[in-house]
Amino acid sequence: CLTSTQLVENEEQFQKKLADVIVNAEKDVSVGVRLARRLPLPVENEETRPCIDLVVFIINLSFERSFQSVELSLKYVDPGFFLGKVCFLVTGARCWSVSSDRLQSVRKLATSLRCPLLYAEDQTVEGVNTAAARLLRVLKVTAGLTPWATGLSLSTLTRCTLSSDLEGDFD
Amino acid sequence: MESPVTRLPTRRRTKSYGRSCFEASSRFAYTSGQLTILRIPTTREAPRARNIAERVDPEQVTLLIKNEWKLSYVTPLYRFRHTHLKKYSKHLSAFIAAEKQQGTAVEVGLETGYRVTFSTVLGIAETDEDAETVFIQIQSKPMFAATGDALKVVWSGWLTCVNGSPEYLHSLLPDFVSLPLFCSSGPENITVVVKSWFEKMFDCRFGSLGLDSTSLQWLCALWTGCHPDNNIRYLRLLWTLPTQPPLDVSYTVNPQDAWELWNSVRQEDSVDGTVGIDEVKHFMAGLESHFFRHFKIYLSSGTLRKVSTALGSAQQDGKVKILCSDYLATVLTLLTECAILKMPI
Numbered sequence: 294c295l296t297s298t299q300l301v302e303n304e305e306q307f308q309k310k311l312a313d314v315i316v317n318a319e320k321d322v323s324v325g326v327r328l329a330r331r332l333p334l335p336v337e338n339e340e341t342r343p344c345i346d347l348v349v350f351i352i353n354l355s356f357e358r359s360f361q362s363v364e365l366s367l368k369y370v371d372p373g374f375f376l377g378k379v380c381f382l383v384t385g386a387r388c389w390s391v392s393s394d395r396l397q398s399v400r401k402l403a404t405s406l407r408c409p410l411l412y413a414e415d416q417t418v419e420g421v422n423t424a425a426a427r428l429l430r431v432l433k434v435t436a437g438l439t440p441w442a443t444g445l446s447l448s449t450l451t452r453c454t455l456s457s458d459l460e461g462d463f464d
Numbered sequence: 003m004e005s006p007v008t009r010l011p012t013r014r015r016t017k018s019y020g021r022s023c024f025e026a027s028s029r030f031a032y033t034s035g036q037l038t039i040l041r042i043p044t045t046r047e048a049p050r051a052r053n054i055a056e057r058v059d060p061e062q063v064t065l066l067i068k069n070e071w072k073l074s075y076v077t078p079l080y081r082f083r084h085t086h087l088k089k090y091s092k093h094l095s096a097f098i099a100a101e102k103q104q105g106t107a108v109e110v111g112l113e114t115g116y117r118v119t120f121s122t123v124l125g126i127a128e129t130d131e132d133a134e135t136v137f138i139q140i141q142s143k144p145m146f147a148a149t150g151d152a153l154k155v156v157w158s159g160w161l162t163c164v165n166g167s168p169e170y171l172h173s174l175l176p177d178f179v180s181l182p183l184f185c186s187s188g189p190e191n192i193t194v195v196v197k198s199w200f201e202k203m204f205d206c207r208f209g210s211l212g213l214d215s216t217s218l219q220w221l222c223a224l225w226t227g228c229h230p231d232n233n234i235r236y237l238r239l240l241w242t243l244p245t246q247p248p249l250d251v252s253y254t255v256n257p258q259d260a261w262e263l264w265n266s267v268r269q270e271d272s273v274d275g276t277v278g279i280d281e282v283k284h285f286m287a288g289l290e291s292h293f294f295r296h297f298k299i300y301l302s303s304g305t306l307r308k309v310s311t312a313l314g315s316a317q318q319d320g321k322v323k324i325l326c327s328d329y330l331a332t333v334l335t336l337l338t339e340c341a342i343l344k345m346p347i
């Protein structure tokens, strides 16, 4: 079985580590991981490009540019992908120097697009392995390899929501 | 809002009007312990030059400004009484002497004793709920000094709360006093001893307070906005870009240009005297795009480390210098907010 995922990250650091782990982890399924800094992808290789099952946008919360770059790239994603084939991966959420409003804007974006938002720890080996394992599980569903689930049903269950506590009335 | 210690009686407002009818002037955020929800203002009062000497003793003001302060946050103090400051002074003095005997407060050199003074700085607190600011000064007493010799100040620090979040302050139990912002200036070993004395006496915890990029951007915009009343002389931003090796960028802007950019960003319909977070973001975006036009470098792909003007400077690692006393209240309000946000409950 052949699956293919596209990782998009402005800093190009985490995606390489993640790609290595994903490709080596899975033995029964052939996983293709493509890396890009931003979308749109270059026109030249369009014919040879396989069908992408999952697009993962990696946002590093330490840099404002990371989020801005993803916002610009989102314009080039075909609307059909947002029905379960797009996912956001956020790193650096626990870093003390990151302001809380940056994470809030990412969550607002993910909520407005009805996509899941995953958090990852990119500094340690376990963190990278955990993130890779989660992405692989999502990828198997979106590629249709899990009989009881589809990408759309999974993303409906796991999509990011802004907590109603924060939006509700307080007195 | 629920906090683990008290439950305020909640009255649910009837949702008879849609949320989209009015702009939220604040957003909600959790403290770092995820148990308390605070309102973070998205609009602030524009700083007005206020002659602080009307409210605060000028001698005390000189103690606060011009020094570089290292910031920490403090959890609420149990049974701290502003009336017992003399007792605390003696206690801390004895504690430092005891620690020195044990060898922990290392002061290699002349045998010196320490004289500790606790004092209240009235007039810094803005609302009725803010506790009064407490100033601590440690002077060294050389053993062989003649009486009448001026004592040298080796360490100073102060605890303050300015415009603290009312929800947070109301949620405290009666015996607790909240002075969440702690500023210290002096040798690190003495700071450590002072902090451990506070922790033992008042069952509190200290933690280092850094300033995130949003707070630095607020200060950048608010100080620039003061330019017509108080010449800022320069606006200097220090960025670090994550290249190999890391690139430090020092970006100095002519004050008049900065002021014109800020003025152009201020919205026509903005309520006079308030500044919104959107205006701050636009201001920073303007500065960054100007830089990009000249150097083709995105400053937003790096981290903002330091903002400085003639009115003061602030660093991401929690070092602050206030050079102009007129805007003390605005800066301290922002710093108090940062401190409360870091509370581990």
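Those protein sequences? They're chains A and B, same order as listed.
With my numbering applied, the first sequence corresponds to residues 294 to 464, in that order.
With my numbering applied, the second sequence corresponds to residues 3 to 347, in that order.
Just so you know, even glycine gets a beta-carbon here, dropped at the ideal spot from N, CA and C.
Applying a beta-carbon distance threshold of less than 7 Å, which residues of chain A neighbour residue i?
| i | result |
| --- | --- |
| Y300(B) | R358 |
| A31(B) | S393 |
Would you call residue i buried or exposed, if buried means 16 or more other Cβ atoms sit within 10 Å of its Cβ?
| i | result |
| --- | --- |
| T350(A) | It should be pointed out that residue 350(A) corresponds to Phe in this sequence rather than to Thr. F350(A) should be labelled buried. |
| F82(B) | buried |
| R395(A) | buried |
| G444(A) | buried |
| C23(B) | Note that C23(B) scores 34 on pLDDT, short of 50, meaning its location in the model is unreliable; the coordinates nonetheless yield the value given after this. When all chains shown are included, C23(B) counts as exposed. |
| C185(B) | buried |
| E25(B) | Residue confidence for E25(B) is low, a pLDDT of 44 falling below 50, so the modelled location carries little weight; the figure read from the coordinates is stated next. Classification of E25(B): exposed, given that the 10 Å Cβ count is below 16. |
| V7(B) | Low local confidence applies: a pLDDT of 45 at V7(B) is under 50, so the model's placement there is unreliable, with the coordinate-based value given in what follows. When all chains shown are included, V7(B) counts as exposed. |
| C326(B) | buried |
| A99(B) | exposed |
| K320(A) | exposed |
Since residue i meets chain B, which of its residues come closer than 7 Å, beta carbon to beta carbon?
| i | result |
| --- | --- |
| S366(A) | Neighbours of S366(A) on chain B: none; closest Cβ ~15 Å, over 7 Å. |
| Q361(A) | S302 |
Short of 6 Å in beta carbon distance, which residues of its chain neighbour residue i, apart from the five on each side in sequence? Order them along the chain.
| i | result |
| --- | --- |
| S77(B) | According to the sequence provided, residue 77(B) is Thr. The question's Ser does not apply to it. So the qualifying residues of the chain are C206 and R207. |
| V255(B) | L237 |
| I140(B) | Y116, V118, V156 and W157 |
| A472(A) | Past the boundaries of the shown model lies residue 472(A); chain A is included only from 294 to 464, so the question cannot be answered. |
| L295(A) | S323 |
| S448(A) | G377 and P409 |
| D250(B) | T242 |
| S265(B) | Position check: residue 265(B) holds Asn in this sequence, whereas Ser was assumed. Correct list: empty, nothing qualifies. |
| Q104(B) | none |
Using a Cβ-Cβ cut-off of 8 Å (strictly less than) and excluding sequence neighbours within five positions of residue i, which residues of its own chain qualify?
| i | result |
| --- | --- |
| T298(A) | I315, V324, G325, V326, R327, I345, D346, L347, V348, V349, L428 and L432 |
| T454(A) | T404 |
| K357(A) | According to the sequence as given, residue 357(A) is Glu; it is not Lys. R395. |
For residue i, which of the options has the nearest alpha-carbon?
| i | options | result |
| --- | --- | --- |
| D59(B) | H296(B), S34(B) and L124(B) | L124(B) |
| Y369(A) | A436(A), L295(A), L445(A) and L334(A) | L334(A) |
| V118(B) | P49(B), Q104(B) and W199(B) | W199(B) |
| L183(B) | H172(B), S167(B) and S173(B) | S167(B) |
| C163(B) | H172(B), I126(B), K197(B) and F178(B) | I126(B) |
| N422(A) | A318(A), L365(A) and V301(A) | A318(A) |
| K197(B) | R57(B), L40(B), E101(B) and P144(B) | E101(B) |
| P153(B) | L161(B), W160(B), G159(B) and P144(B) | The displayed chain sequence assigns Leu, not Pro, to residue 153(B). Comparing Cα-Cα distances from L153(B) to each of L161(B), W160(B), G159(B) and P144(B), the minimum goes to P144(B). |
| F374(A) | V391(A), T435(A), F356(A) and L295(A) | T435(A) |
| G209(B) | Y300(B), S291(B) and S74(B) | S74(B) |
| R41(B) | V267(B), I98(B), L171(B) and L161(B) | L171(B) |
| L332(A) | L367(A), F360(A), R387(A) and A442(A) | L367(A) |
| V267(B) | S252(B), F285(B) and V251(B) | F285(B) |
| V136(B) | S173(B), L79(B), L306(B) and E169(B) | L79(B) |
| A424(A) | D313(A), N303(A) and E304(A) | D313(A) |
| L354(A) | S392(A), W441(A), K401(A) and V418(A) | S392(A) |
| V363(A) | A316(B), S303(B) and L330(B) | S303(B) |
| P176(B) | G188(B), A133(B) and W160(B) | A133(B) |
Just to make sure I have the definition right: I need the residues of chain B whose C-beta is within less than 8 Å of the C-beta of residue i. Which are they?
| i | result |
| --- | --- |
| S390(A) | G212, D214, S215, T305 and Q318 |
| Q416(A) | What Q416(A) touches in chain B: nothing, since even the nearest Cβ is about 14 Å away. |
| Q308(A) | Those do not exist, as Q308(A) stays about 15 Å from chain B at its closest Cβ, beyond 8 Å. |
| S355(A) | T305 |
Closer than 7 Å: is that where the CB of residue i sits relative to any heavy atom of the ligand COA?
| i | result |
| --- | --- |
| L153(B) | Ligands in the displayed structure: none, and consequently the ligand COA is not present. |
Report all residues from its chain with a CB closer than 7 Å to the CB of residue i; omit the five preceding and five following residues, and keep chain order.
| i | result |
| --- | --- |
| P257(B) | H229, N233, I234, R235, Y236 and L237 |
| T439(A) | K433 |
**Message:** Using 8 Å as the cut-off, can you tell me whether the stretch 341-350 of chain A makes contact with the stretch 295-311 of chain A, which would need three or more C-beta pairs spanning the two stretches below that distance?
**Reply:** yes
**Request:** Evaluate contact between the stretch 179-194 of chain B and the stretch 303-316 of chain B, counting only Cβ atoms and requiring at least three cross-stretch pairs below 8 Å.
**Result:** no
**Request:** Decide if the stretch 31-51 of chain B is in contact with the stretch 277-289 of chain B; the criterion is three or more beta carbon pairs, one per stretch, under 8 Å apart.
**Result:** yes
**Asked** Is the stretch 252-262 of chain B touching the stretch 221-231 of chain B in the sense that three or more CB pairs, one from each, lie closer than 8 Å?
**Response** yes
**Message:** Across the stretch 367-384 of chain A and the stretch 403-414 of chain A, are there enough close Cβ pairs to call them in contact, namely three or more that are closer than 8 Å?
**Reply:** Flag = yes, the stretch 367-384 of chain A and the stretch 403-414 of chain A touch.
**Interface positions of the stretch 212-236 of chain B facing chain C (Cβ-Cβ less than 8 Å), listed along the chain** = Annotation note: the requested chain C is absent from the structure, which comprises protein chains A and B.
**Asked** Are three or more beta carbon pairs between the stretch 320-336 of chain B and the stretch 59-72 of chain B nearer than 8 Å?
**Response** Yes, since at least three Cβ pairs between the stretch 320-336 of chain B and the stretch 59-72 of chain B fall closer than 8 Å, the two stretches touch.
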